[in-house]
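Take a look at the structure set out below.
So this is what it looks like as structure tokens:
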């Protein structure tokens with residue numbers, strides 16, 4: 002996180018987490034975390050997505066969970082590239098006003114760590130991807 006705190010996998014192994022993600026048996030995101038991740042649904046996503054429900058908090062949450070799932074389950078040799086790709090997509094959400102920059106960086110840095118990347122490498126990769134996603138053309 003931006004204030005130097007980090008999260009650790011406390012219950013179970015990374016393999017169990019990956020299995021739970023694959024089986025869609027993870028618990029729901031706590032409400033306090035969902036509030037930090039998503040701004041109110043009244044803020045519209047960029048029109049480029051083309052679907053009327055893109056601005057909904059549920060869609061944004063699903064998109065973030067899917068991106069994080071991809072990162073955490075990325076195979077060796079593809080983890081950094083997958084993290085960068087996901088961070089670019091998160092940067093697009095930041096650009097659209099759907100998630101705060103610091104929340105995107107914290108979420109995806111931790112996802113990179115859970116995938117097995119060193120924290121510094123994950124953080125640098127995420128910051129680069131979020132910046133590119135924020136600045137990419139609509």
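Residue numbers (my numbering): 2 to 139.
Quick reminder that beta carbons are idealized off the backbone N, C-alpha and C, glycines included.
Since the model is a prediction, treat every value here as computed from it, not as a measurement.
In this structure, residue 84 and residue 107 do not form a Cβ contact; the two beta carbons are roughly 14 Å apart against a cut-off of 8 Å.
Beta-carbon to beta-carbon, residue 88 and residue 30 are separated by about 19 Å, too far to satisfy the 8 Å threshold.
No residue range can be given for residue 30, since it is assigned to no alpha helix (DSSP H) and is classified by DSSP as neither H nor E.
In the DSSP assignment, residue 134 falls within the alpha helix (DSSP H) that extends over 120–136.
In the DSSP assignment, residue 63 falls within the alpha helix (DSSP H) that extends over 58–73.
Assignment of residue 94 by DSSP, reduced to helix, strand and coil, places it in the helix class.
Per DSSP, the unbroken alpha helix (DSSP H) holding residue 22 starts and ends at 15–23. Excluding residues up to 5 positions away in sequence, 92 lie with their Cβ nearer than 7 Å to the Cβ of residue 132 in the same chain. Residue environment: residue 94 is assigned as buried (16 or more neighbouring CB atoms within 10 Å of its CB, all protein chains considered). Scanning its chain for C-beta atoms nearer than 6 Å, with the 5 sequence neighbours on each side dropped, one finds around residue 81 the residues 126, in chain order.
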